[in-house]
Each structure stands twice: as C-alpha cells, then as structure tokens.
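Comments concern the structure below.
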Amino acid sequence: MAALYRRLLFSHPLRTGDALQLAAAWVASRGQPQDLPFVTLDARLAGAALRKGFPGLPDPGEA
C-alpha cells in the first residue's frame, strides 16, 4: 500500500491523509473500484477517486 500511496500523492493534488484514504479504498476494492462507491465531500479527493474509477457519493457538483 505504501507504493500506491506515494503514486497517488504525486500524481494527484492530494493532501497526505487524502492520499492514504484513496489508497485504502483502492486496497478495499481489490482493484475493482467501480464496485465500491467512494464517499467524500472534498472536491479534490472526489475528483481523484473518480479518475481512479470509483463511483462518487455524493456527486461533487451537488456538495
């Protein structure tokens, strides 16, 4: 997970905790992010999650 965390941190404009949360969600999804909704009210984190393939809740435009 550490390598994934570093990749996310440097490839998206995320804060440290946000990159950790996204990396943990990726691990929990077992590489199938489309099957695990990603819940956040942070627009930056939501955008990164959507780019990684997670369906978002709520829609960042509605938050």
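Numbering (my numbering), first residue to last: 2 to 64. C-beta atoms are modelled at their ideal positions from N, C-alpha and C, and glycine is treated no differently. Every value quoted in this text rests on a predicted model; they were computed, and no experiment measured them.
Check	Outcome
Where Gly18 sits in the DSSP three-state scheme	helix
6 angstroms CB neighbourhood of Phe55 in its chain, flanking five on each side removed	Pro34 and Phe39
Three-way DSSP call (helix, strand, coil) for Gly48 in this model	helix
Contact set for Pro14: own chain, Cβ-Cβ below 7 angstroms, skip 5 residues either direction	Arg45
Below-8 angstroms beta-carbon distance, Asp19 vs any chain D residue	In the structure shown, chain D does not exist; there is a single protein chain.
Cβ-Cβ distance between Ala49 and Gly57 below 8 angstroms	no
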